[in-house]
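Residue numbers (the working numbering), protein chains in the order written: chain A, 461 to 742; chain B, 4 to 558. Ideal Cβ positions, reconstructed from N, Cα and C, are used throughout, including at glycine.
Here is the structure:
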């Protein structure tokens with residue numbers, strides 16, 4: 461409750477929170493709100509020349525190149541993209557945290573092995589890895605989410621590893637050891653909370669990148685399978701018509717931008733609120 | 004005739020920008036400095052002594068501090084309104100500064116020679132060969148051994164004392180009229196401190212500079228100052244010649260400050276530390292079991308370096324250290340930095356791998372695992388040097404104090420809360436501080452919190468590693484009193500690790516002097532301090548600055 465109250469007092473955080481809640485609400489309520497089916501290629505969805513319709517009274521945000529209603533596709537696409545952005549990204553950050561913290565705390569042979577594995581993953585082109593994984597497993601939304609999680613944890617692991625190594629050297633960890641605290645207690649009560657700011661920043665920054673990575677995968681045919689819409693593949697499908705139908709790229713682009721920005725604002729505010737050392741300071 | 008003043012500060016006020024608006028941090032400070040004089044500005048942390056020096060140098064961080072009013076004049080030339088470019092030639096040219104941390108104020112990736120010649124070129128316009136020659140001459144002037152070799156070395160290759168010599172050489176290379184030294188010896192060992200202070204005095208005469216020495220150490224003030232300024236919360240409390248000021252301070256604060264300064268030799272003639280309670284001292288406990296016995300302790304850092312052939316064994320940090328502590332007694336472990344005293348303290352609690360035997364309360368901890376150590380930790384606890392660093396900044400104080408109880412599975416939630424409130428009261432803090440976080444407390448309060456946490460398990464032995472080194476003198480005195488009182492009422496044994504001879508003298512029953520990882524002298528407090536046998540112990544005692552300007556033995 462305290463978190464919510466403090467957040468409401470900051471205009472930028474409140475704005476972010478509002479957008480995040482709005483987007484989530486719209487995604488969940490998509491079947492109720494969407495004026496058309498997202499996959500239906502409507503007879504009157506194209507002009508006589510076969511070009512997509514610009515935004516107007518019948519189709520609020522216009523139609524795409526196949527005559528499908530853009531608004532409906534965006535609403536359904538929000539479901540896909542939020543799953544990718546939140547779930548895939550959340551898993552990636554969690555894996556990164558776990559690997560980084562373990563490698564940083566344990567060190568020795570085990571820690572070294574973990575970090576060399578991380579380096580290996582980092583050196584591997586993420587797209588290539590995703591293609592291999594997606595080709596081996598039949599592409600679906602959850603597989604795509606998993607693939608994205610598996611290629612995105614490495615940066616988090618690297619940063620967390622470095623931070624953990626610094627934290628382990630700090631006096632208060634030594635003090636904990638002198639009190640007789642076990643490893644798990646030190647790791648999860650005293651090191652993990654200090655890594656939360658990093659995790660939050662990476663988590664929120666990652667939302668936009670993962671949404672776009674999903675789009676890239678979809679473009680290559682190994683992502684979410686058409687006709688299922690996602691914000692990313694709406695942009696990718698229409699990008700060659702950018703000049704003739706700019707709204708097809710512009711509107712979903714603006715939606716991704718706004719959503720990512722809102723998550724960042726909320727994340728920023730959350731980071732400050734959850735940091736007790738900031739309390740009582742200006 | 005009144006000697007002409009070199010530097011005159013008149014009604015200086017400095018404001019700090021805070022979220023609540025401007026706040027005055029320096030209020031109406033005026034003083035003047037005559038040629039060849041040493042002026043000491045003394046005060047506790049937060050008194051504004053460093054801000055004053057930065058204001059003179061024109062180095063106030065613009066975003067947070069600004070000069071509100073007043074003037075700073077160097078030989079009649081107003082500095083506070085000088086444009087930045089002109090100020091740059093004053094800095095380092097007419098006024099030079101030596102900082103506290105010689106390691107951080109030297110650039111670690113530039114050689115000593117390059118840094119010295121840079122300063123010389125900047126201000127004297129001398130080039131190439133002549134700048135090099137000046138650099139060499141300066142290193143010679145600060146009594147650096149093998150100056151030609153040092154020019155090619157980097158800061159990390161030099162010891163703390165040598166680095167401070169380089170800083171002084173740099174500051175004096177342009178023959179400044181005023182040398183400002185901000186806590187120049189605080190980070191140094193006492194014996195090195197004595198050398199540096201002697202050097203500053205000698206160079207002052209040789210170069211004809213005036214010195215502004217900023218320090219919290221009244222001993223240093225007494226040894227160096229012609230005149231003294233005592234500051235508190237941004238104001239000058241008292242100002243005057245050193246001898247009368249020390250002899251008969253006018254202001255109450257000065258008296259308190261001077262009274263809080265631990266004086267070496269103040270306990271001579273007595274056996275134990277002063278008693279805080281009224282009850283008579285316990286009878287000498289010859290028959291009691293020692294709470295800590297250390298036999299032939301060896302600690303090495305790192306693994307053997309080199310490969311296959313020419314393998315060099317790791318360097319021993321502590322070797323062949325043996326001692327024991329009886330219940331209710333204090334062993335003072337004293338030595339300079341790098342002597343292995345902190346390492347000994349950590350090894351004794353099993354925080355570092357070691358060889359030898361350490362018996363705590365009849366249990367030998369050699370080779371015990373973390374889990375097996377746990378019961379032993381209940382009777383042996385540690386208090387660290389920096390109370391802020393040793394408290395988890397993200398954990399409320401109450402939770403931190405309760406943590407040992409949680410770890411050892413003692414007491415339920417309600418009992419823990421009672422115990423925390425109890426402990427907080429015991430160390431002189433309000434029980435409602437439990438919900439606050441470490442950064443909301445002052446240094447002394449934080450150390451009390453650390454003490455409360457160490458007491459939570461009801462230990463018999465506490466290892467106190469430089470536990471008062473980071474505190475102001477008046478706060479230090481209170482914390483030491485608290486420790487003595489706890490020892491009396493709870494029968495605690497302390498292993499007190501410190502570089503400060505006066506603290507050791509005040510607190511200890513027995514004293515061990517360490518040097519390069521070995522104990523060079525050990526005995527009762529009285530015998531070590533009054534009749535030191537070892538030359539090193541004598542040198543250590545000798546080097547402690549006496550807070551009495553009539554007894555100058557250092558300069």
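Handout entry: Rounded distance between the beta-carbons of residue 234 of chain B and residue 216 of chain B, thought under 8 Å
Key = Actually they are not in contact, since the Cβ atoms of residue 216 of chain B and residue 234 of chain B sit about 13 Å apart, beyond 8 Å.
Exercise for the section: Taking only runs that begin and end inside the region 498–561 of chain A, name each unbroken alpha helix (DSSP H) of 4 or more residues, in chain order. Expected result: Taking only runs of at least 4 residues, the alpha helix (DSSP H) segments lying wholly in the region 498–561 of chain A are 530–542.
Exercise for the section: Can you tell me the Cβ-Cβ gap for residue 541 of chain A and residue 692 of chain A, rounded? I've got them flagged as a contact below 8 Å. Expected result: The Cβ separation is near 7 Å, so the contact holds.
Exercise for the section: Express the C-alpha separation of residue 732 of chain A and residue 506 of chain B in angstroms, rounding to a whole number. Expected result: CA-CA distance, residue 506 of chain B to residue 732 of chain A, rounds to 41 Å.
Exercise for the section: Scan the region 320–341 of chain B for residues whose Cβ lies nearer than 7 Å to a Cβ of chain A and list them as they occur along the chain. Expected result: Answer set for the region 320–341 of chain B: empty.
Exercise for the section: Ignore the nearest five residues each way along the sequence and tell me which others in residue 599 of chain A's own chain have a CB closer than 7 Å to its CB. Expected result: The answer, listed in chain order, is 682, 683, 685.
Exercise for the section: Measuring only between beta-carbons, confirm whether residue 466 of chain A sits less than 7 Å from chain B. Expected result: Proximity of residue 466 of chain A to chain B, defined by a Cβ-Cβ separation below 7 Å, is not satisfied.
Practice task
Measure the alpha-carbon distance for residue 359 of chain B versus residue 381 of chain B and round it to whole angstroms.
Solution key: In a straight line, the C-alpha of residue 359 of chain B is about 22 Å away from that of residue 381 of chain B.
Handout entry: C-alpha distance - residue 283 of chain B paired with residue 492 of chain B, whole-angstrom precision
Key = Because the pLDDT at residue 283 of chain B is just 46, under 50, the model does not fix this residue reliably, and the point stays unresolved.
Exercise for the section: Return the residues of the region 613–641 of chain A that lie within a Cβ-Cβ distance of less than 9 Å from chain B, sorted by chain order. Expected result: Correct list: 630, 631, 632, 633, 634, 635, 636, 637, 638, 639, 640, 641.
Practice task
Counting only the same chain and skipping the five closest in sequence on each side, list residues whose C-beta sits under 8 Å from that of residue 675 of chain A.
Solution key: Same-chain partners within the cutoff: 683, 690, 691, 692, 693, 695, 696.
Problem - For residue 242 of chain B, three-class secondary structure by DSSP - result: Here residue 242 of chain B sits in strand by DSSP.
Exercise for the section: Could you check if residue 286 of chain B is buried or exposed, using at least 16 other CB atoms within 10 Å of its CB as the buried criterion? Expected result: Low confidence applies to residue 286 of chain B: its pLDDT is 48, below 50, so where it sits in the model is not reliable enough to give any reading.
Practice task
Please decide whether residue 736 of chain A counts as near chain B, where near means a Cβ-Cβ distance under 7 Å.
Solution key: Chain B contact via Cβ: present.
Exercise for the section: Name, in chain order, the residues that DSSP records as bridge partners for residue 358 of chain B. Expected result: The partner list for residue 358 of chain B (beta bridge, DSSP) reads B:301.
Handout entry: Straight-line gap, residue 281 of chain B to residue 494 of chain B (C-alpha atoms, nearest Å)
Key = At residue 281 of chain B, the pLDDT of 49 sits below 50, so the modelled position is not reliable and the matter cannot be decided from this model.
Handout entry: chain B contacts made by the region 643–660 of chain A, where a contact means CB separation under 7 Å
Key = Answer set for the region 643–660 of chain A: 645, 650, 653, 654.
Exercise for the section: May I ask you to report which of helix, strand or coil DSSP gives residue 98 of chain B? Expected result: If DSSP states are grouped into helix, strand and coil, residue 98 of chain B belongs with the strands.
Problem - Own chain partners of residue 184 of chain B with C-beta closer than 6 Å, once the 5 adjacent residues on each side are dropped - result: Around residue 184 of chain B: 101, 216.
Problem - Whether residue 52 of chain B touches residue 46 of chain B by CB criterion (7 Å) - result: In this structure, residue 52 of chain B places its C-beta atom within 7 Å of the C-beta atom of residue 46 of chain B.
Handout entry: residue 392 of chain B: contacting residues in chain A (beta-carbon distance under 7 Å)
Key = Near residue 392 of chain B (Cβ distances below 7 Å), the residues of chain A are 630, 631, 632.
Problem - chain A contacts made by the region 400–418 of chain B, where a contact means CB separation under 8 Å - result: Listed by position, the residues of the region 400–418 of chain B near chain A (Cβ gap below 8 Å) are 406, 407, 410, 411.
Exercise for the section: Name the one or two DSSP bridge partners that residue 185 of chain B has. Expected result: In DSSP, residue 185 of chain B forms a bridge with B:217.
Exercise for the section: For residue 357 of chain B, decide whether its Cβ has a neighbour in chain A, counting only Cβ atoms nearer than 7 Å. Expected result: Using a Cβ-Cβ cut-off of 7 Å, residue 357 of chain B does not count as an interface residue toward chain A, since no Cβ of chain A sits closer than that to its own.
Exercise for the section: Return yes when the Cβ of residue 498 of chain A is within less than 7 Å of the Cβ of residue 462 of chain A, no when it is not. Expected result: Against a cut-off of 7 Å, the Cβ pair of residue 498 of chain A and residue 462 of chain A comes out as no contact.
Problem - Same chain only: Cβ atoms within 8 Å of residue 14 of chain B, ignoring 5 sequence neighbours per side - result: Same-chain partners within the cutoff: 31, 32, 33, 72, 73, 74.
Practice task
Compute the beta-carbon to beta-carbon distance between residue 447 of chain B and residue 409 of chain B, rounded to the nearest angstrom, for a pair I have assumed lies under 8 Å.
Solution key: The beta-carbon separation of residue 447 of chain B and residue 409 of chain B, rounded to 26 Å, does not stay under the 8 Å limit for a contact.
Problem - Short-range partners of chain A found in the region 365–380 of chain B, where Cβ spacing is below 9 Å - result: Along the region 365–380 of chain B, the positions whose C-beta sits under 9 Å from a C-beta of chain A are 373, 374, 376, 377, 378, 379, 380, read in chain order.
Practice task
Quick one: using the 10 Å Cβ neighbour count with 16 as the cut-off for buried, is residue 244 of chain B buried or exposed?
Solution key: Taking a 10 Å sphere around the C-beta of residue 244 of chain B, we find fewer than 16 other C-beta atoms and assign the residue as exposed.
Exercise for the section: Look at the Cβ atom of residue 499 of chain B, then the Cβ atom of residue 467 of chain B, and state whether they are nearer than 7 Å. Expected result: In this structure, residue 467 of chain B lies closer than 7 Å to residue 499 of chain B by Cβ.
Problem - CB-CB length for residue 155 of chain B against residue 116 of chain B, believed under 8 Å - result: In this structure residue 155 of chain B touches residue 116 of chain B by the C-beta definition: roughly 6 Å separates them, less than 8 Å.
Problem - Host beta strand (DSSP E) of residue 14 of chain B (start-end) - result: First-last of the beta strand (DSSP E) with residue 14 of chain B: 8–21.
Handout entry: Residues bridged to residue 522 of chain B [DSSP beta-bridge criterion]
Key = Answer by DSSP bridge pairing, in chain order: B:517.
Problem - For residue 422 of chain B and residue 434 of chain B, the rounded distance between their alpha carbons - result: Going by the C-alpha atoms only, they are around 10 Å apart.
Practice task
Can you grab the Cα-Cα spacing for the pair residue 571 of chain A / residue 442 of chain B, in whole Å?
Solution key: In a straight line, the C-alpha of residue 571 of chain A is about 33 Å away from that of residue 442 of chain B.
Handout entry: Residue from B:182, B:170, B:248, B:173 whose Cα sits closest to the Cα of residue 38 of chain B
Key = Cα-wise, what sits closest to residue 38 of chain B is B:182.
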